[in-house]
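A.B. asks:
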Amino acid sequence: QAHKECGEFNEITAKSKYVKLARSLRTYGVSFFLVKEKMKSKNKLVPRLLGVTKESVLRVDERTKEVMQEWPLTTVKRWAASPKSFTLDFGDYQVGYYSVQTTEGEQISQLIAGYIDIILKKKQAKDRFGLEGDEESTMLEESVSPKKSTILQQQYNRVGKVEHASVALPAIMRPGAGGPDTVNWGMMPVAQQQVTSGQMHKGHMPPLSSAQQALVGTITSSMQAVQQAHGDLGDMDSLPPLGDDAESQSWRRNKMDESKHEIHSQVDAITAHTASVVNLTAGDPADTDYTAVGCAVTTISSNLTEMSKGVRLLAALLDDEGANGQDLMQAARGLASAVSDLLKTVDPSTAEPRQSVLTAAGNVGQASGELLRTIGEDEADQSFQDMLMQLAKAVANAAATLVLKAKNVAQRAEDPAQQNRVIAAATQCALSTSQLVACTKVVGPTIRSPACQEQLMEAGKLVARAVEGCVQASQDATEEEELLRQVGEAATAVTQALNDLLRHVRQYAASLTGRAGPGGSYVQATDTILTATENIFGSMGDAGEMVRQARLLAQATSDLVNAIKADAEAEQDQENVRNLLAAARVLADATARMVEAAKGAAANPENEEQQQKLREAAEGLRVATNIAAQNAIKKKLTNRLEQAAKQAAAASTQTIAAAQHAASSNKSPNSQQQLVQSCKVVADHIPQLVQSVRESQSTPDSQQAQQSLITSSLGFLQPGNHLVASARAAVPSVENQASSNQLGTCAKNLAACLSELRAAAHKAQQACSPTEGQDSALALVRALENELEEAKTEVAQGRLKPLPGETLESCSLELGSASKTVGSAIAQLLTAASQGDESFTDHAAHEAAEALRGLAAAARGVAANTADPLAQEAALETARDVMDKSANLLQEARKAAANPSDPDNQQRLAQVAKAVSLALNNCVNSLPGQKDVDSALRNINDASKRLQADSFPQSGRSYHEAQSGLTQAAAGLNQATGRVVHASHGSSRELATASGRFGRDFSDFLDAGIEMAGLTQTKEDQVQVIGNLKNISVSSSKLLMAAKSMVIDPAAPNVKNQLASAARAVTDSINLLISMCTQQAPGQRECDNALRQLE
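Note that my numbering numbers the sequence shown so that position 845 is 2038, with each residue one more than the last.
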């Protein structure tokens, strides 16, 4: 029937009906992807259709094609695609993520991104016509006060009744106050013209879009933060009195290095994002990404806030060293003022001229350079900065010539529209070059930062686009060959000048990362040699491929030989010259042998013997390459690691600052707590990484410094990755868009820096021989031993003072934790040495040395916070003994690793390890409070020896009196047990007091128990009483040992359960003894028997 009804339609009508029917279907316009999703509460994957439309995401049954679930695209918070899966996050619109298994994740991601981009562009188009695109609604204007602010808000059209009234009002005539006036006759003055210039009133400006309004709010809050930072820079921090020992001097030096690093990284971020603001606000305001501008403004203000804290501490340290800290405070205040001026100029509500923005940005760069010079961190070569400015000005001069040539074209253009296009393009070209010069001024002092280099590159791209636009407009406006030739030559000159500028920056960046210069040639040639030899080894049987790889190998070795000879010519030391030339000869000889072998393999491709000769020659060449280029490669790899570590530390500082700024708008307490914890852990690791970089740079030939840098870098990776994960998890819950973008960008940058740090650390580790790590570890331990000796001298003279932030409790906890870390590292070292694994032994030795560094610092802190000179001496002497025994262990571990089959080496290693363990115990037992616990333990053991007697005389008191005394003593011991448990969660002093009281109460209880044993009626009863007293003695000792462990390391696994179990054992044993003595009372058995007979 339906077909008959359609039979009368003509072709056009039928097609129209078909299209309408198709479009009415719910699945019309849907792009489907076959995916697999996990069933709820089952570990099973089922097929499903995932559909994407321009408005929503659909979850469709693959068989019935029924729509099971629909999510609007406006609810999609974020999405992620991997080679085998695709995940959607709908934020608060759905609990948990929606994840499917698919190989088309990238296509799904691109489709969703395209549709969301269309939605956002439509929303931006609506914003230009006011809220919700209602361009016909009226605007209500309200002037709050004259010459200050004007509020513009939307007044929606309302429908009402018409009111009828007359607009004519009766006139009112009043007589003049002074009576009738006379009429004066005169001449009209000559007409005068006056031009008034200035900014228009805000009420006459177009209304701000929602994005601009958001930026105004961000700038307002940032201005408040900047003003607060400026106020905080009025006074520097106050430092407590510091000593003159090596640890105090090291603390000063390290704190200064840490503060300088933080300030430098924060200034880098300020200048980079200042340049970003300049680049982002370069075009038409309607096309400006105000969200990105707000993110840059937020980054600037948050870094300035954090910088003020470091400046105050560094100024105090400079004053303590005899320098003038006020100069630093003044420079920091100057930067804060410059940032404040910049924020005022970029505020959309002020409509400042473009030149004001460029001038304010240049002032930020100048103030940043002054601040870095004040702290001695102006690392960029002044000649490089001067050349950078000259090249930027050369671009501007060439652009000025282009503008003049373009104006000539405009004058000859007949079409006014084309003429205006040429003038606009020339103006944009001039403005873009002005921005380039301004960006150069901003980032010049911090050009070492990759972010600053990136912003300068971006400014250069804007100039290139402006030049292209100017040339295109000129070509469209005229066909005169001479004019176009002049424009083309001028454009070529601008492009050449711009390329010179960008090439200068790229070469500088390459020199920083160790990828340029002779050392870079070493690394590149060596990588090629290693790769080619590996390919030769893997191509056995394929003579053609082996010969091809041999040609690449010969070219790379030739480059390496030339690089070595070039270094020899530049070397001043004759001994180094001879070594370099000798290495070059060895490498050349090995290359010649490899070439001969390659010729033989090429001439006889089927001969396996010739292929084997080529393989052996390649192996010899590889060994010669490692020997010849080892030092240069190692130096370059270390330099690369230093730069990677600095960038990772700087990126971590930025991420921590972004996390602190986003805390107020993070609506997820769990994610915020994890983020804060990750920030705290990373903040504790940053100082060690910075110190390792500084030490490596100051002593480039020190194996110890290089090993310390490698260890610190590898140790920084795990907490850094945790911070990245926590930051990414917190981004969706941060409501403030600018703060959210800042946190996400910083996390992304940190992840990239950590990846580079990992690669650089592993390459540097491979370049170091195993013995180097053991030598540096031994040198570090001996240096720590000398520092402890110096601290003992300071104690004898009464000059040892605690470092800022140190307390007796914190240092005691650190000492206990460090002792466990040292014990674990020593165990790893013993395992590696006994197995003969030199590489693992090298790593374990360095880990042990770093752990001993922490132990020495904690011991010094304990001594500095202790008033008793004997306790101070004991803490330092026991720690020094640990260092001495550990140094012996490192020496024996090297011998054992070199010859693991020698039983004498293994025996000596075990003896020395036992001595280290004993020294560690003595060191921990020297802690204040630990001695009191040990004293109580000795008292318990001494008192318990009385239980070994054969007989126990009677005291003369009655059984009832003795039992009453035992009950009172038991109550006292129970209370003392509770006090010990409570004190173990507090300070060492509290535990010392509680332990002493416990020892006295135990002695009283033991006296009462022995008295009861003497009053028992039978030998069997006496044996039971004595046995229970022995159990109580053992339980009491375990209780004190558990409390001792609890105070030393509260975070140790199962220590709290052990303490609770020991306390429960003491109480149960006491109760059991009381019950037993009650049953053994005279007449008690007779009464019990009589009761049983009555029953």
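Here a beta-carbon is modelled for each residue, glycine too, at the ideal position from N, C-alpha and C.
From L1830 to K1956, what distance separates their C-alpha atoms?
C.D. replies: Your numbering for residue 1830 matches position 637 in the sequence shown. Your numbering for residue 1956 matches position 763 in the sequence shown. Between L1830 and K1956, the C-alpha separation is close to 7 Å.
A.B. asks: How about L1536 and I1456: do their beta carbons lie closer than 8 Å?
C.D. replies: Looking up residue 1536 in the sequence shown gives position 343. Looking up residue 1456 in the sequence shown gives position 263. In this structure, I1456 does not lie closer than 8 Å to L1536 by Cβ.
A.B. asks: My assumption, with CB atoms under 8 Å, is that S1919 sits in contact with Q1867. Please give the rounded CB distance.
C.D. replies: Reading the sequence shown from its first residue, position 726 is the one you call residue 1919. Reading the sequence shown from its first residue, position 674 is the one you call residue 1867. Confirmed, Cβ separation roughly 5 Å.
A.B. asks: Taking the alpha-carbon positions, what's the H1454 to V1883 distance?
C.D. replies: Position 261 of the sequence shown holds residue 1454. Position 690 of the sequence shown holds residue 1883. Each residue's Cα considered, the two are about 7 Å apart.
A.B. asks: Using beta-carbon positions only, say whether Q1665 and N1472 come within less than 8 Å of one another.
C.D. replies: As a position in the sequence shown, residue 1665 is number 472, starting the count at 1. As a position in the sequence shown, residue 1472 is number 279, starting the count at 1. Not a contact, by the Cβ cut-off of 8 Å.
A.B. asks: When you compare only the Cα positions, how much space is there between G2149 and I2267?
C.D. replies: The residue given as residue 2149 occupies position 956 in the sequence shown. The residue given as residue 2267 occupies position 1074 in the sequence shown. Roughly 20 Å separates the two Cα atoms.
A.B. asks: Pull up the CB-CB distance for G1662 and A1610, whole angstroms please, since I reckon it's below 8 Å.
C.D. replies: Translated into the one-based positions of the sequence shown, residue 1662 becomes position 469. Translated into the one-based positions of the sequence shown, residue 1610 becomes position 417. Contact flag wrong, Cβ pair sits at about 15 Å.
A.B. asks: Could you check where the alpha helix (DSSP H) with F1202 kicks off and where it finishes?
C.D. replies: By 1-based counting over the sequence shown, the position of residue 1202 is 9. Segment: none, F1202 is in no alpha helix (DSSP H) and carries neither H nor E.
A.B. asks: Does the Cβ-Cβ distance between E1499 and G1527 come in under 8 Å?
C.D. replies: Position 306 of the sequence shown, counted from the first residue, corresponds to residue 1499. Position 334 of the sequence shown, counted from the first residue, corresponds to residue 1527. No. Outside cutoff.
A.B. asks: Do R1605 and T1552 count as a contact pair if the criterion is CB distance below 8 Å?
C.D. replies: Translated into positions along the sequence shown, residue 1552 becomes position 359. Translated into positions along the sequence shown, residue 1605 becomes position 412. No, the Cβ-Cβ distance between T1552 and R1605 is not below 8 Å.
A.B. asks: Report all residues from its chain with a CB closer than 6 Å to the CB of A1407; omit the five preceding and five following residues, and keep chain order.
C.D. replies: The residue given as residue 1407 occupies position 214 in the sequence shown. Closer than 6 Å at the Cβ level, and outside the excluded window around A1407, lies no residue.
A.B. asks: To which residues of the same chain is G2171 closer than 6 Å at the C-beta, ignoring the five residues directly before and after it?
C.D. replies: Within the sequence shown, numbered from 1, the residue matching residue 2171 stands at position 978. Hits under 6 Å: none found.
A.B. asks: Among residues of its own chain, excluding the 5 on either side of S1458, which ones have a beta-carbon nearer than 6 Å to its beta-carbon?
C.D. replies: The sequence position of residue 1458 within the sequence shown is 265, counting from 1. So the list reads A1843 and T1846, once near-sequence residues are dropped.
A.B. asks: Under the three-state reduction of DSSP, which class applies to T1280: helix, strand or coil?
C.D. replies: Position 87 of the sequence shown holds residue 1280. Reduced to three states, the DSSP call for T1280 is strand.
A.B. asks: Roughly how many whole angstroms lie between the Cα atoms of K2107 and V2075?
C.D. replies: Translated into the one-based positions of the sequence shown, residue 2107 becomes position 914. Translated into the one-based positions of the sequence shown, residue 2075 becomes position 882. In a straight line, the C-alpha of K2107 is about 11 Å away from that of V2075.
A.B. asks: Which class does K1229 belong to by DSSP, given the choice of helix, strand or coil?
C.D. replies: Taking the sequence shown and counting its residues from 1, the one referred to as residue 1229 is at position 36. Strand at K1229.
A.B. asks: Can you tell me which residues form a DSSP beta bridge with S1217?
C.D. replies: By 1-based counting over the sequence shown, the position of residue 1217 is 24. DSSP output for S1217 lists no bridge partner at all.
A.B. asks: Could you check what DSSP says for V1223 in three-state terms: helix, strand or coil?
C.D. replies: For the purposes of this step, residue 1223 is identified with residue 30 of the sequence shown, where counting begins at 1. The answer is coil: DSSP assigns V1223 none of H, G, I, E or B.
A.B. asks: Give me the Cβ distance between F2198 and A2235, rounded to the nearest whole Å; I'm assuming they're in contact under 8 Å.
C.D. replies: Along the sequence shown, one-based indexing puts residue 2198 at 1005. Along the sequence shown, one-based indexing puts residue 2235 at 1042. About 19 Å; that fails the 8 Å criterion.
A.B. asks: Which ranges does the beta strand (DSSP E) cover as unbroken runs of at least 3 residues, wholly within the stretch 1915-1946, from first to last along the chain?
C.D. replies: Complete beta strand (DSSP E) runs here, min 3: none at all.
A.B. asks: In or out: M1261 buried (at least 16 other Cβ within 10 Å) or exposed?
C.D. replies: By one-based count along the sequence shown, residue 1261 stands at place 68. It counts as exposed.
A.B. asks: Going straight from the alpha carbon of C2004 to that of Q1900, what length do you get?
C.D. replies: The sequence position of residue 2004 within the sequence shown is 811, counting from 1. The sequence position of residue 1900 within the sequence shown is 707, counting from 1. Each residue's Cα considered, the two are about 27 Å apart.
A.B. asks: Roughly how many whole angstroms lie between the Cα atoms of G1913 and L1936?
C.D. replies: Within the sequence shown, the letter at position 720 stands for residue 1913. Within the sequence shown, the letter at position 743 stands for residue 1936. The alpha-carbon atoms of G1913 and L1936 are separated by roughly 14 Å.
A.B. asks: Rounded to the nearest angstrom, what separates R1833 and H1878 at their Cα positions?
C.D. replies: On the sequence shown, residue 1833 is found 640 positions in, with the first residue counted as 1. On the sequence shown, residue 1878 is found 685 positions in, with the first residue counted as 1. Cα-Cα distance, rounded: 20 Å.
A.B. asks: If you draw a straight line from the alpha carbon of A1207 to that of A1923, how long is it in whole angstroms?
C.D. replies: Taking the first residue of the sequence shown as position 1, residue 1207 is located at position 14. Taking the first residue of the sequence shown as position 1, residue 1923 is located at position 730. Cα to Cα, A1207 sits roughly 55 Å from A1923.
A.B. asks: What first and last residue would you give for the alpha helix (DSSP H) that runs through V1260?
C.D. replies: If you number the sequence shown from 1, residue 1260 lands on position 67. Not the alpha helix (DSSP H): V1260 falls in the beta strand (DSSP E), residues V1260 to P1265.
A.B. asks: Identify which residue in T2034, S1415, L1655 and T1481 has its Cα closest to the Cα of S1402.
C.D. replies: Position 209 of the sequence shown, counted from the start, is the residue given in the question as residue 1402. Measuring from the Cα of S1402, the nearest candidate turns out to be T1481.
A.B. asks: Under the rule that 16 or more other beta-carbon atoms within 10 Å means buried, what is N1556, buried or exposed?
C.D. replies: Against the sequence shown, residue 1556 aligns to sequence position 363. Per the 10 Å Cβ criterion, buried.
A.B. asks: Going by beta-carbon coordinates alone, are A2057 and K1994 separated by less than 8 Å?
C.D. replies: The sequence position of residue 2057 within the sequence shown is 864, counting from 1. The sequence position of residue 1994 within the sequence shown is 801, counting from 1. Going by C-beta atoms, A2057 is nearer than 8 Å to K1994.
A.B. asks: Spatial neighbours of K1827 within its chain, please: CB distance less than 6 Å, with the 5 preceding and 5 following residues excluded, ordered by chain position.
C.D. replies: In the sequence shown, residue 1827 corresponds to position 634, counting from 1. For K1827, where only same-chain residues beyond five positions count, the Cβ hits under 6 Å are A1960.
A.B. asks: Once DSSP output is grouped into helix, strand and coil, what is the label at N2114?
C.D. replies: Position 921 of the sequence shown, counted from the start, is the residue given in the question as residue 2114. N2114: helix per DSSP, three-state reduction.
A.B. asks: With C-beta atoms as the reference, is D1450 less than 8 Å away from R1887?
C.D. replies: Walking along the sequence shown from the start, residue 1450 turns up at place 257. Walking along the sequence shown from the start, residue 1887 turns up at place 694. Against a cut-off of 8 Å, the Cβ pair of R1887 and D1450 comes out as a contact.
A.B. asks: Classify Q2272 as buried or exposed, calling it buried when 16 or more other Cβ atoms lie within 10 Å of its own Cβ.
C.D. replies: The count along the sequence shown starts at 1 and reaches residue 2272 at position 1079. Classification of Q2272: exposed, given that the 10 Å Cβ count is below 16.
A.B. asks: Assuming V2248 contacts S2238 under a Cβ cut-off of 8 Å, what Cβ separation, rounded to an integer in Å, is found between them?
C.D. replies: Looking up residue 2248 in the sequence shown gives position 1055. Looking up residue 2238 in the sequence shown gives position 1045. 5 Å between Cβ atoms; contact.
A.B. asks: State buried or exposed for I1311, treating a residue as buried only when at least 16 other CB atoms are found within 10 Å of its CB.
C.D. replies: Here residue 1311 refers to the residue found at position 118 when the sequence shown is read from its first residue. The residue in question, I1311, is exposed, as its Cβ has fewer than 16 Cβ neighbours within 10 Å.
A.B. asks: In three-state DSSP terms, what is N2058?
C.D. replies: Here residue 2058 corresponds to residue number 865 of the sequence shown, with the count starting at 1. Correct three-state label for N2058: coil.
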